[in-house]
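Protein chains: 2
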Amino acid sequence: MKPKKRTTIYDIAAKLNITASSVSRALNNSNHVNEDTKKLILKTAAELNYKRNILASNLRKGESKTIGVVVPRINQNFFSNVISGIEETTYSKDFNLIICQSNESHDKEIKCVNALINQHVDCIIISVAAEGTDYKHLQNVLDHGIQLIQFDRVVDELQTLKVINDNEQATLDGISHLIEQGYKRIALLEGPQNLNIFRQRKAGYLKALRKHKLPIIEELIVENAWTKELGAEGTRKLLSLPEPPDAIFASTSDFSALGVLEVATSMNFKVPSELGILGYANEPFTELTSPSITTIDQFSNHMGKTIANLYFEESGNKDTAMVPRTISVQPKLIIRASTSKNQNI
Amino acid sequence: MKPKKRTTIYDIAAKLNITASSVSRALNNSNHVNEDTKKLILKTAAELNYKRNILASNLRKGESKTIGVVVPRINQNFFSNVISGIEETTYSKDFNLIICQSNESHDKEIKCVNALINQHVDCIIISVAAEGTDYKHLQNVLDHGIQLIQFDRVVDELQTLKVINDNEQATLDGISHLIEQGYKRIALLEGPQNLNIFRQRKAGYLKALRKHKLPIIEELIVENAWTKELGAEGTRKLLSLPEPPDAIFASTSDFSALGVLEVATSMNFKVPSELGILGYANEPFTELTSPSITTIDQFSNHMGKTIANLYFEESGNKDTAMVPRTISVQPKLIIRASTSKNQNI
DNA sequence: TTTAAACCTGCAATCGATTGCTTGAATTAT
DNA sequence: ATAATTCAAGCAATCGATTGCAGGTTTAAA
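The following block contains the structure:
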């Protein structure tokens, strides 16, 4: 690690006996520089292996061309796909991406957000942690004049741009599909109700039952069945009931659905004939289990692109004030074997 | 987005009738400031919702406390786990992470690396794209005095810090396991040989065969079977041979192994009794297929932490020159049903 | 009481790039 | 040939934080 000094515009200027101003203008392709000198400067810059110091440039220009992303977990399929989508768009616009993960911890989320504010990022994209009900740190982002875009797990009260899946509609579609297949006692494994997505999925579930005039049975609704283990535990209880359900909607995730499948198999319930299973998220493994699991695809990569585009669209019109709005991406029901009571798929 | 001006140290100084120097010193907890004024400054800073401008600070200090990461794909299980591991460590050290993906494109990789150099990152962590054999851009990183750490897919010739899996040993273990199970005609689906990891896996395969005195049969070695589709295609050819193999090592990935499994099933080869399958990477789905797939775990999250720690260790001793060295993480063979010819697992 | 040391605080330069303003030269129009 | 315009390039301030040096005050030591 020798601290070899990097060439600056001054080095180039000195070598060519001109001022740094001209060098800067040439490098920014301004038309206030003679074409010949511009070429000469560019050539010299290349020779000296010049790399613009973005820190200085951004400081001067008061922008950072950087977007911060905070997600619960980078290595969760849905989020890494969203990030990948965001990256594809931001890269094409020459923006940098700073990635943080909250690990579902409210405290870490706050620290990450503050770190990003310090960095003077132009925008913060966030999907909030499961913990926490207090969102001063997000209000703080807005107070600093930084664009804030929430996605997937959003805080309704905050006036920001939001990109979400239509969880309620997707669930409605999914449950309706179950009912059409002939399932009548449909259980719900629900997630923490402080997160909007889980509230919406529950709402979709209830709406579907009402729509099809099915009774809502309290004992078929299991709280907080987020992980595979909790999903399995909930399923064990459900299937031990005097009148067990004939279908289970693992609203929290496909992992939970996997737990359902494993318990069902071990308790000798036949899937899908005796028990239908509906998951959420279209994790890659859902098409590999036997039977494969019916689930809901969230178009995560596309969602990432939508988010990034939203930012650039919005930052385009600096004159008009930001209008808080929500873009809803329509998820898609992926029908597979685990819910095909009637036909073979 | 109102361009609300952010408070600077000058605002604080003006309010308290002191100079920015003192404010700066107070904020940096220097002991050259009176305790009382320090407290007052900190209090005022909090009141004014002051956030240090890292750009200015870094520009002045000539450091960025930022690490750049370039991987082929963010949303690939192995890489997102490594990134997650890196993040956990860098976060605890107050460093930022800028993430880029090359999408396996050499050109994009070069652009990403240059963008990171522009950003004045302190370190670049990279796993190179499959494309490309020319690594001037990485040499360029070193020439700029930026620490460079390669991982997994490394370029041997470059004198840098490297963190790798012992691919050869892992493969040796895997193939030996196959042989012990009684498989005798073991095929290899190999990856692009410009990548070190695939060369090493091939080397391990050959070494294992020699060690156990098995013949090396050219027609059982299939080039470039990287994806699930290519793996399937290669398998179709292999299983159509007059003397088909009795085991296939999908050295490129578990996805390729999945292709093998699907083709084998559709061609009515019984796994594992008639065909053993060995994958690589321990993707989550490998334990969900039927039969589950034997594979090799790379301890990706741990690898990420190792990489980040290596950087901080190295940056600790600025006085001594960097000694290029390689840290080898030992992967682990995960034995599952797809190779259990003898016993049931 | 005098001298030395310790302690605060301010001044001003610095990091590298950008940009409004100005000047001088070259070009065009009258 | 002279005035008007265009063009190129330089000057100097600016973005916000940091830091070596210097000046002034207070405290401790002689």
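Sequence lines, in order, name chains A and B.
Letter by letter, the first sequence follows residues 1 to 345 of the working numbering.
Letter by letter, the second sequence follows residues 1001 to 1345 of the working numbering.
Just so you know, even glycine gets a beta-carbon here, dropped at the ideal spot from N, CA and C.
Model, not experiment: these values are computed from the prediction.
Apply the 10 Å Cβ neighbour rule to residue i and answer buried if 16 or more other Cβ atoms are within range, or exposed otherwise.
i: Ile216(A); result: exposed
i: Asn1165(B); result: buried
i: Pro1003(B); result: Model confidence at Pro1003(B) stands at a pLDDT of 45, short of 50, so the residue's coordinates are unreliable and nothing is read from them.
i: Ser1030(B); result: exposed
i: Val323(A); result: exposed
i: Met241(A); result: It is worth fixing the name first, because residue 241(A) is Leu in this sequence and not Met. It is exposed - the Cβ of Leu241(A) has fewer than 16 other Cβ atoms within 10 Å.
i: Ser1102(B); result: buried
i: Glu313(A); result: exposed
i: Glu1168(B); result: buried
i: Asn1344(B); result: Residue placement at Asn1344(B) is flagged as unreliable, the pLDDT there being 48, under the threshold of 50; the coordinate-derived value follows with that caveat. Exposed.
i: Thr133(A); result: exposed
i: Glu47(A); result: exposed
i: Ala14(A); result: exposed
i: Ala26(A); result: buried
i: Leu333(A); result: buried
i: Ser1253(B); result: buried
Name the chain B residues that come within less than 8 Å of residue i, Cβ to Cβ?
i: Lys51(A); result: Asn1114, Ile1117, Asn1118 and His1144
i: Ser64(A); result: Leu1055
Interface residues of chain A around residue i at Cβ under 7 Å?
i: Ile1098(B); result: Asn96, Leu97 and Ile98
i: Ile1054(B); result: Asn118, Gln119 and His120
Mind checking whether the beta-carbon of residue i lies closer than 6 Å to any heavy atom of the ligand MG?
i: Asp254(A); result: No copy of the ligand MG occurs in the structure displayed, which carries no ligand at all.
Contact defined as beta carbons within less than 8 Å: I believe residue i pairs with residue j. What is the distance between those atoms, to the nearest angstrom?
i: Leu116(A); j: Ile98(A); result: 7 Å
i: Ile86(A); j: Gly234(A); result: Going by Cβ atoms, the distance from Ile86(A) to Gly234(A) rounds to 34 Å, so no, they are not a contact pair.
i: Leu188(A); j: Arg325(A); result: Their Cβ separation, rounded to whole angstroms, is 30 Å, which puts Leu188(A) and Arg325(A) out of contact at 8 Å.
i: Ala1308(B); j: Thr1090(B); result: 5 Å
i: Gln1119(B); j: Ser1064(B); result: 7 Å
i: Phe299(A); j: Val329(A); result: 6 Å
i: Ile186(A); j: Pro245(A); result: 6 Å
i: Lys228(A); j: Phe255(A); result: 4 Å
i: Leu278(A); j: Leu1288(B); result: About 17 Å separates the two Cβ atoms, so there is no contact after all.
i: Asn301(A); j: Gln181(A); result: Actually they are not in contact, since the Cβ atoms of Asn301(A) and Gln181(A) sit about 30 Å apart, beyond 8 Å.
i: Ala1232(B); j: Glu1262(B); result: 6 Å
i: Gln1147(B); j: Tyr1311(B); result: 6 Å
Residues of chain A with CB closer than 8 Å to the CB of residue i, please, in chain order.
i: Thr1289(B); result: Leu288
i: Ile1307(B); result: Chain A residues near Ile1307(B): none, gap ~15 Å exceeds 8 Å.
Give the residues of chain B in contact with residue i, contact being defined as C-beta atoms less than 7 Å apart.
i: Pro284(A); result: Phe1285
i: Glu101(A); result: Rather than Glu, the amino acid found at residue 101(A) in this sequence is Gln. Neighbours of Gln101(A) on chain B, chain order: Ser1084 and Glu1087.
i: Ile74(A); result: Ser1080, Ile1083, Ser1084 and Glu1087
i: Arg6(A); result: His1144
i: Asn58(A); result: Leu1055
If the criterion is Cβ atoms closer than 7 Å, does the pair residue i and residue j meet it?
i: Val271(A); j: Ser338(A); result: yes
i: Ile12(A); j: Ser24(A); result: no
i: Ala364(A); j: Ile296(A); result: Any question about residue 364(A) goes unanswered here, given that chain A covers just 1 to 345.
i: Tyr205(A); j: Gly276(A); result: no
i: Glu190(A); j: Lys207(A); result: no
i: Thr294(A); j: Ile248(A); result: no
i: Ile1125(B); j: Val1033(B); result: no
i: Leu1239(B); j: Leu55(A); result: no
i: Ala44(A); j: Val121(A); result: For clarity, residue 44(A) is Thr in the given sequence; the question names Ala instead. In this structure, Val121(A) does not lie closer than 7 Å to Thr44(A) by Cβ.
i: Glu109(A); j: Ala129(A); result: yes
i: Glu1131(B); j: Glu1088(B); result: no
i: Val163(A); j: Ser127(A); result: no
i: Tyr50(A); j: Thr19(A); result: no
i: Ile1179(B); j: His1212(B); result: yes
i: Ser290(A); j: Ser1290(B); result: yes
i: Leu1059(B); j: Leu59(A); result: yes
Along chain A, which residues have their Cβ under 9 Å away from the Cβ of residue i?
i: Leu1238(B); result: The premise fails here: Leu1238(B) is roughly 22 Å from chain A at the closest Cβ pair, so nothing lies under 9 Å.
Closer than 8 Å is the cut-off here; do at least three beta carbon pairs connect the stretch 34-48 of chain A with the stretch 1036-1045 of chain B? Judged by pairs of C-beta atoms under 8 Å, the stretch 34-48 of chain A does not touch the stretch 1036-1045 of chain B, as fewer than three such pairs exist.
Decide yes or no for the touch test of the stretch 1179-1196 of chain B against the stretch 1141-1160 of chain B: beta carbon pairs closer than 8 Å, at least 3 of them. Enough Cβ pairs lie closer than 8 Å, so yes.
Please determine if the stretch 1281-1299 of chain B and the stretch 1223-1232 of chain B are in contact, where contact requires at least 3 C-beta pairs separated by less than 8 Å. Taking a contact to require three or more Cβ pairs closer than 8 Å, the stretch 1281-1299 of chain B and the stretch 1223-1232 of chain B do not qualify as touching.
Please confirm if the stretch 1071-1082 of chain B is in contact with the stretch 56-75 of chain A, defined as three or more CB-CB distances below 8 Å between the two stretches. With three or more CB-CB distances shorter than 8 Å, the stretch 1071-1082 of chain B counts as touching the stretch 56-75 of chain A.
Using 8 Å as the threshold, is the stretch 103-115 of chain A in touch with the stretch 130-142 of chain A, meaning 3 or more CB pairs across them? Verdict: yes, contact present.
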